[in-house]
Structures are given as C-alpha cells and as structure tokens.
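First the structure, in the form of structure tokens, and then the observations on it.
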Amino acid sequence: MKKPFAITLDVGSSLANLTGSWRTERPVYLDRLPPCNATCAAGEDIQQWLFHAEEGAYETAWRVLMHDNPLPAVMGRVCYHPCESACNRGRLDESVGINSVERFLGDQALKEGWQIAPGADTGKRVMVVGSGPAGLSAAYHLRRLGHAVTVFEAQSAAGGMMRYGIPQYRLPRDVLDGEIARIVDMGVELRVDAEVSDLVATMQADGFDACFLGVGAQIGRRAYIPAGDANRITDAVSVLHGMAGDDKPLLGRRVVVYGGGNTAVDVARTARRLGAEESIIVYRRTADKMPAHAGEVEEAVEEGVKLKWLTTIKAAESETITVEKMELDDAGFPQPTGEFEVMPADSVVLALGQDVDTQMLEGLDLEMEHGSVKVDAGMMTDHAGVFAGGDMVDGERTVTVAIGHGKKAARAIDAWLRGTVYQVAPKNELATYERLNTWYYSDAEKTVRPVLDLIRRQSTFDEVRGGLDEGNALYEARRCLSCGNCFECDTCYGVCPDNAVIKLGPGKRFRFNYDYCKGCGLCVAECPCGAIKMVPEAV
Amino acid sequence: MKTSHIKFYQTGTYTVGNRLLSDADRSVQSTMERTNSLNSGHRACQGCGEALGARYAIDAAMRATGNRLIAANATGCLEVFSTPYPETSWQIPWIHSLFGNTAAVATGVAAALKVQGRDNTRVVAQGGDGGTTDIGFGCLSGMFERNDDVLYICYDNEAYMNTGVQRSSATPPAARTATTQAVGRSPGNVFGQGKNVPLIAMAHEIPYVATASVADVRDLEDKVTKAMAISGARYVHILVPCPLGWGSAPHDTIKLARLAIESGLFPVFEAEHGEITGRRHIRRQVPVEDYLRPQKRFAHLFKPVLQTDRLAALQAVADRNIRRFDLLEREDQV
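The following block contains the structure:
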C-alpha cells in the first residue's frame, strides 16, 4: 500500500449508504392532461405539437398535429379555439395563441408541400358520404390506416359547409383547396356531383365493407312569419351557399338577420360586404345568451353590424317588418310583452338553426334522436357497419367537432373491420393551474394577429385575420407552459440535494434513483409544469 | 449584475436548464457532465439546503477551474453529514479543518501550491454560518486582510444546526433557537444583534464579495464562476434554508430561499473592492409574513396572538434592505 506523504486512506465513497430507505413517499414522473388538449374537440395533442414548434421543428410539430387533424390551415382560421379559453397561461397573463400557431403550421405545410403517407394496404374498402369536415377527416384517417376510401359528394366541389357555409373572409378558398388536395393525394377517391340516393344499394354495388355518413345538417329551419311578399324571406343556408356561385344573393339595402348563432353573424357580416347599408341581427334573448362566439360578434359590431336584443319578428310587410319586444322571465326565457314596433327591412334572413336531411336515410331506417342520427360511443348507427358524424349527429355543430367525429369514427371503423371493438384510451388526470409552479415562466405577452383595415372588411371578402410570421409564431409557441408534461427544463435534476435524479439525455427525460432519493419532495414542489407527483411508499 | 436574463425562451433562465438555449448558455447543474462534487449517500436531512448549495457552488468552481480545485471544510453540518469515517461523499480533493480555522488552512494550502509552482490549482474554503461568522471569524478576517488567494464560501442556515440549533451571529431577530427560546416578553432572538459578514468582508476591500441563494442557481453559478476568475481573497455568502432548524417542510427549502429574497430580508448583491456593483432586483415582492409563516421558528409571531409590532419590525428590516441595496427595479431602469 504505497500512498503519498500524509495520505493513509483510499479514496472513499458514500455510495454504500442507501439513503432511499429513509423515504415514506416517493416521487414519480407522470403526464397530466393539459387543459387545451382536454377541451379540443378534434382531440389534438396541442401541448406536444407546441413542444416541437418551440424548438423551431415546424415539420415535426405539423406531423404531430396531423396525427389528429388533417386540416390545420382551415382549423387555424375557423376553429373557435376553446383550448385558448381553457389555457392555464390565461391566469398568468394571457392565453397562448394556439390557434394562430396552428394556422402558421398549416400554412407552412401548404407552402412547403409537406405530405402524409397512407398506411399499408388492408384490402378493405370504405365509403364516405359527404366531403365536409367530418367526411374528409374520416377519409383521411381511414387512409392512414390503410383502407381504400371513396368519398361521394353531391355538390360539384368538396368541402361541405367549409365551402358552402363559411364566408371567404374567414376561410379563403385556396387554403381549403390546398388541404383537400393533400387528402386526395393520399389516394382518396373523390367523386363530385355524386349524390347517393340509395345507400345500401351503392354499398353493395361497389363492394364497400363499411360506410361513414357525414352529410351534415343542410336544411335551414323556418319559422312561421306571415308575409305579404314571401320572396323577401330567405334562410341563412341558401344565402351562404349562394355566395359560392357567380350570382350573389340580392338582399337589398336593409337586411334583417333573425337568430343569435354563428351563422346569423356570418350572414350579417356577408350582407355588409354585399353592400347593405344596414345589417341588423334580431335575437329574442339577450347578448349573454347568444350562442354565437364573442369574438365573432365583436368583429361584426366593428364592421357596423347592429344588434337588437329581446325582439321577435311577428310579420313581414312589403318594405317593413313588425317586431315584438320581449322580456326575460325568472327562468331566463323570453316572454312577449305586447309592445310592437315597425322596422324598415328589404329582406329577412332566417338563421334559426339547421336540420338533418333525412330523405336519403329513409331506406336505412336509422334510429333518430332529437332530429339527429343516434350513434354509439364508437360513432356507429344502429345499422351495423354504417357510422355517422358531424352535424348530423348530436353535439356542438362546429368544424372542430366534425373533424373529431371523423377521426373517432375512422378508428372505430378500423376496429370494426378487424373484428374488434374500438377502445378509447383512458384520459390522464387534468393538469390544473394549481399543479404548476409558475415562478419559473418568463413574463411574455400574447402576440396579436394583424387585422384587416375596417373599410376593406366592410366592402370586400378578403381574409379579416392575418397570420403570424415565423418569428412571432416561434415566440407564441414558446409561451406554452407545457402543463402536466415534462419539457426537460432540468429543474428536478438540479434541485435534488441527493443527486437522485438521473438525466437520460435530450428527448429522453429523467429517471429517479430510488436507492438515494430521501423523498423530500423538492422536485415535485419546484417542477414548473406539474409532471411529478408524490405517492406513499408501500409499507 | 451584468448577466442579462434571456427572455421569451419559455422559462428564460429561471429554471435550472433550458433545452432552447445554446450549450454555452446553460447552467452547470443542467449538464450531464457536472462533477456531483457532493455525491449521493450523504447523510443530510431530507430537503437539505446546505447539501444543495454546496453542490451548486463546488460544481461551478470545478468547471471554472477545469477540475483543478482543493476544498478546505470547517467542522459543522456539511462536514459531519458528508464524511463519517471512513466514508466521504466528496468527489474532489477535500480537507477537513477545525471549526474555527478553515480560512487559515485554506491559506496554507494556497501557499503550499504556490511554493510548489502549481499556480493552476485553486483553493476554496467552506463552512457554515457558525464556523464563519463566529468561531472562524478571526482567521477569516486575516485571510481577507492578507488578500490570500482563496474563495471562502459561507453556507448560511442562520444557526448551529449540527449541534442542535443554537443561535449564531447570523440568526435573524425573533427566530426561535435552542438558546433563544420563544418565551418571555420578547420571545426568540433579540432585535438589534448579530452581524452582516458580507458587509464586513466588503470593508476589507477585497476584490470580490457576493451573496446568493439556492433559489437561483444561475445567479449562484455566475458568481462562483466570476470569483474563480479573480485572484486574491473572495467571499461568497449563500443562503441555505434548513428544514430541521427552521421547522419547515423539506419540500419548501427552495421556496423559502426565494421568499427570503422576494421579501427583501435577504439582499442578493455583489461588490468589488468594497463597492456594490450589482444587485438582483426583486421580481414579485411579497410581505415578510409570507416568508415567516411556513417556518415553525417564527410560529410565536402568529399564535396564540398575532404579534403585529414584531412583524412590523421585521418588515422594517426588509424595507431597509430594499432601500439600502436598491432592490426594487425602478421605471427608468426597465
């Protein structure tokens, strides 16, 4: 044992002390469900695609997004983004501009021509009726799963309500065309001007193994209004549909829109752009009861659309209408007051909701419920092998919901074709604001998207909202708190007084070394995003 | 402080690491290659602030010196929990000294290295607040006065924790310790006593003095790194909460250090040759009560009756620090 002067011991170590035996609770890593993901009707993993966008890896981000949603450029324009209302950052400063980043990724994909490969061929054929968001989403997801898909569309172009319902100032048609073309390029057969009159016969004739119905709700609901000149009363679906053709609807100088939903707002804003001097929304309840989204109403008011609350239309005469004032009863329902008023109006557009066209479903004898087709948890109707989604089934009628239905149905159809039953993966526990340690996040305000000049919004159909450029999209993505999901900030690795957190390297996260973890809980308390929890040790 | 905070990178430099920063901008503690100077298996309590602070500081010093570092360590918690014979948790050359002579031992090591011509090996002395502000104070002052080439690091947990929580000259007013019981007309440690060693170090006009805490690892690492780039006597004073002595939950160690800073009770600043050259501004100011309430050593301020006058006196201490060290960011500085 030859040692240097004054040295008597070998180099020592304390690793024989397994201090993990002191522990009564142990930390464990987990993924919690971020509130954005929890509220997304299309079932997007928003936190994950933002995670990639934060690094500037836009294509990876887009591919994660495309795992759930085939139409990000559309969605980044027309989605009412409940994710942003739920965003935990909203309680810190302002919610993350998820929708604008989604649009940036969608536009980037169209610009760069990014494509999605179809899955390995399964030999199964699926028929999709309707090429709206639900049908396109189902077709896309079925194609990813390797099934052959044929889409039947009654109109001369695909897109459904995205083409024939949503005004161009919200969704430019070249964007829609681009995203549909990408789905067609995956090998989806699209048949336009192909109305399906007898579903069962078509399925048998062409040898389809399953069918997805996404025909929407196209029939504008009418209300009985005594009218001297019935031509002046029309419905919102026809007006918006008429915008797709060369002959634009003639609505006159003073347009009254009857209803309080998003469609009513779309029509009122469209009327302004068609040259109406007055565009008035008449609604029987109050502003806070209006089903339309606040942002849409706000933009409409900026453009000069007027709103008239607590009012019903009683009769329509040649150049006027008679309205009755309403008041809310204790239960919040409008009741007539007997006070009448006469308003000038060249035309009345009814935006009172839409019904499902049941004509083509007659041969199938599908079970209906409250005017919608009844489906089970896997979107299948009571007719085996026929699935349905979108506006024709019960639920909120938005593009986002329809896309979610299409995805869910596609996965259920896939399981059905394989002879199994589709199981929805169990959801993780919610990453609430209280789970976060917000000290660690930088202060950063939301980036606002540029808005088109007011005067151009009143007269043209140019897109109202601009997009983000790469610089501010990156900034916006980096405002994400990554709620409930590790983003590798190394804080647990740093704050452990016992070196009991092992860093596994970029993208691989961390692991606890329970031999030495004393269970102090510092990592849990300091984790910014709430991705660790303490659990009692088994005794 | 000259270090600029990197903004908008999700967490900036608040977290230990940040995958969005370039490697050069990342902290020592975020790297897989850090020394882990104080390794697993040490016998510090759950959530020990001193064990954490020591690893932060020595790992940073190791990187700054290219792993050519010798540490002298005063008797105290840090020595006792890390080196029970024949074990050691230290993965660096390390020498144990008496309670009171660490500064002198480190001076001797530095002198020996100089004689041997090993100028590229640097020396750190470290100890707790008892070994630094009380027992080892004479040796420390001598080391400063001679401007010996040693970085002295004091891990301040505000009492003699190892021997059973007795008062030191770094114990704050009103705090209960074994020797300042929460009894009588003025329970806990008396107001108007104790000493501020960072200011005394500055009075020696040594090249570098700084304070730091375990709540801000980037700041701590920057200061140790800067200290290692300077020759002569240097002093870094690190606040390290002690769950045992403070009567706080082990998972609150970092939170309490953060609240001490944000309330103004622990000013974080740096000074060169006796002049203050930088301070860490308060980010989200809190009343001292937020800091005091989670600690059992201050429990007598809140029950059985709320001691408003003593809380006001402690708030006055914080307010004075804020004024004296200019801890609030003013509009014209933003």
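Taken in sequence, the protein lines are chains A and B. Okay, so the first sequence: first residue is 49 according to this note's numbering, each after it adds one. Okay, so the second sequence: first residue is 137 according to this note's numbering, each after it adds one. Each residue gets a CB set at the ideal place from its N, CA and C atoms; glycine is no exception.
CA-to-CA distance, residue j to residue i, given in whole angstroms
{"i": "T149 of chain B", "j": "K359 of chain B", "result": "15 Å"}
{"i": "V305 of chain A", "j": "K354 of chain A", "result": "10 Å"}
{"i": "M209 of chain A", "j": "Q203 of chain A", "result": "11 Å"}
{"i": "V469 of chain A", "j": "V174 of chain A", "result": "17 Å"}
{"i": "L376 of chain A", "j": "A335 of chain A", "result": "12 Å"}
{"i": "K138 of chain B", "j": "T413 of chain B", "result": "Residue placement at K138 of chain B cannot be trusted, given a pLDDT of 47 that sits under 50; what the coordinates show is reported in the next sentence. One C-alpha to the other measures close to 9 Å."}
{"i": "R321 of chain A", "j": "A292 of chain A", "result": "14 Å"}
{"i": "E365 of chain A", "j": "E387 of chain A", "result": "18 Å"}
{"i": "Q99 of chain B", "j": "A105 of chain A", "result": "Nothing can be reported for residue 99 of chain B: it is not among the residues displayed for chain B, which extend from 137 to 470."}
{"i": "V236 of chain A", "j": "T198 of chain A", "result": "6 Å"}
{"i": "G309 of chain A", "j": "T446 of chain A", "result": "11 Å"}
{"i": "P309 of chain B", "j": "V404 of chain B", "result": "19 Å"}
{"i": "A448 of chain B", "j": "L442 of chain B", "result": "11 Å"}
{"i": "V424 of chain B", "j": "A452 of chain B", "result": "9 Å"}
{"i": "F280 of chain B", "j": "M338 of chain B", "result": "9 Å"}
{"i": "G515 of chain A", "j": "A101 of chain A", "result": "16 Å"}
{"i": "F438 of chain B", "j": "T444 of chain B", "result": "9 Å"}
{"i": "T201 of chain B", "j": "A157 of chain A", "result": "48 Å"}
{"i": "C290 of chain B", "j": "G154 of chain A", "result": "55 Å"}
{"i": "R526 of chain A", "j": "T495 of chain A", "result": "11 Å"}
{"i": "R416 of chain B", "j": "H387 of chain B", "result": "24 Å"}
{"i": "A316 of chain A", "j": "I329 of chain A", "result": "7 Å"}
CB contact below 7 Å: residue i versus chain B
{"i": "G60 of chain A", "result": "yes"}
{"i": "A573 of chain A", "result": "yes"}
{"i": "Y489 of chain A", "result": "yes"}
{"i": "L98 of chain A", "result": "no"}
{"i": "T495 of chain A", "result": "no"}
{"i": "K581 of chain A", "result": "no"}
{"i": "N65 of chain A", "result": "yes"}
{"i": "Y481 of chain A", "result": "no"}
{"i": "L299 of chain A", "result": "no"}
{"i": "Y106 of chain A", "result": "no"}
{"i": "Y564 of chain A", "result": "yes"}
{"i": "R80 of chain A", "result": "no"}
Cutoff 7 Å: residue i Cβ touching any chain A Cβ
{"i": "H232 of chain B", "result": "no"}
{"i": "S384 of chain B", "result": "no"}
{"i": "S166 of chain B", "result": "yes"}
{"i": "G236 of chain B", "result": "no"}
{"i": "N172 of chain B", "result": "yes"}
{"i": "M137 of chain B", "result": "Only weak support exists for where M137 of chain B lies, its pLDDT of 42 falling under 50; the value from the coordinates is given anyway. Cβ-Cβ to chain A under 7 Å: no for M137 of chain B."}
Reference residue i, options the options, closest by Cα
{"i": "A180 of chain B", "options": "B:P220, B:R466, B:K331", "result": "B:P220"}
{"i": "Y272 of chain A", "options": "A:A265, A:G264, A:D283", "result": "A:D283"}
{"i": "A399 of chain A", "options": "A:R557, A:S490, A:R269", "result": "A:R269"}
{"i": "M374 of chain A", "options": "A:E367, A:P382, A:T368", "result": "A:P382"}
{"i": "I228 of chain A", "options": "A:A249, A:L184, A:V59, A:R192", "result": "A:L184"}
{"i": "H195 of chain A", "options": "A:W487, A:S507, A:A463, A:Q471", "result": "A:A463"}
{"i": "V396 of chain A", "options": "A:M440, A:L409, A:R280", "result": "A:R280"}
{"i": "V543 of chain A", "options": "B:S225, B:A246, B:V350", "result": "B:V350"}
{"i": "D257 of chain A", "options": "A:G264, A:V248, A:V263, A:A265", "result": "A:V248"}
{"i": "R192 of chain A", "options": "A:E347, A:Y488, A:R459", "result": "A:R459"}
{"i": "A586 of chain A", "options": "A:R74, A:E107, A:C534", "result": "A:R74"}
{"i": "S166 of chain B", "options": "A:R557, A:C565, A:M582, A:G262", "result": "A:R557"}
{"i": "R407 of chain B", "options": "B:R199, B:V372, B:R303, B:G236", "result": "The amino acid occupying residue 407 of chain B in the given sequence is Ala; Arg does not appear at that position. For A407 of chain B, the nearest C-alpha among the options comes from B:V372."}
Proximal chain B residues relative to residue i, where beta-carbon distance stays under 8 Å
{"i": "E102 of chain A", "result": "Q146, L156"}
{"i": "L57 of chain A", "result": "P222"}
{"i": "C131 of chain A", "result": "Result: empty, since nearest Cβ-Cβ is about 18 Å, beyond 8 Å."}
Partner residues on chain B for residue i, Cβ-Cβ distance less than 7 Å
{"i": "C568 of chain A", "result": "Q182, G183, P386, H387"}
{"i": "T539 of chain A", "result": "T151, V152"}
Contact set between residue i and chain B, taken where Cβ atoms lie within less than 9 Å
{"i": "A548 of chain A", "result": "S176"}
{"i": "V543 of chain A", "result": "V152, Q165, L188, V350, V353, T389, I390"}
{"i": "E344 of chain A", "result": "None at all; the shortest Cβ gap to chain B is about 30 Å."}
Neighbour list for residue i in chain A, Cβ cutoff strictly below 8 Å
{"i": "E223 of chain B", "result": "G60, S61, S62, A64, N65"}
Interface residues of chain A facing residue i [CB-CB closer than 7 Å]
{"i": "R416 of chain B", "result": "The premise fails here: R416 of chain B is roughly 14 Å from chain A at the closest Cβ pair, so nothing lies under 7 Å."}
Within chain A, partners of residue i - CB distance below 9 Å
{"i": "R179 of chain B", "result": "S62, N65, T67"}
3 or more residues per run - each beta strand (DSSP E) lying fully within the region 329–412 of chain A = Qualifying beta strand (DSSP E) stretches, in chain order: 354–356, 359–364, 368–376, 382–392, 395–398.
Entirely enclosed beta strand (DSSP E) segments - the region 392–431 of chain B, minimum 3 residues = The region 392–431 of chain B is shown to contain whole beta strand (DSSP E) runs of 3 or more residues at 405–408, 411–415, in chain order.
Scan the region 506–558 of chain A and note each continuous alpha helix (DSSP H) run of 4 residues or more that stays entirely inside, going in chain order.
-> Positions of the alpha helix (DSSP H) runs, each at least 4 residues long and wholly inside the region 506–558 of chain A, are given as 518–525, 539–543 in order along the chain.
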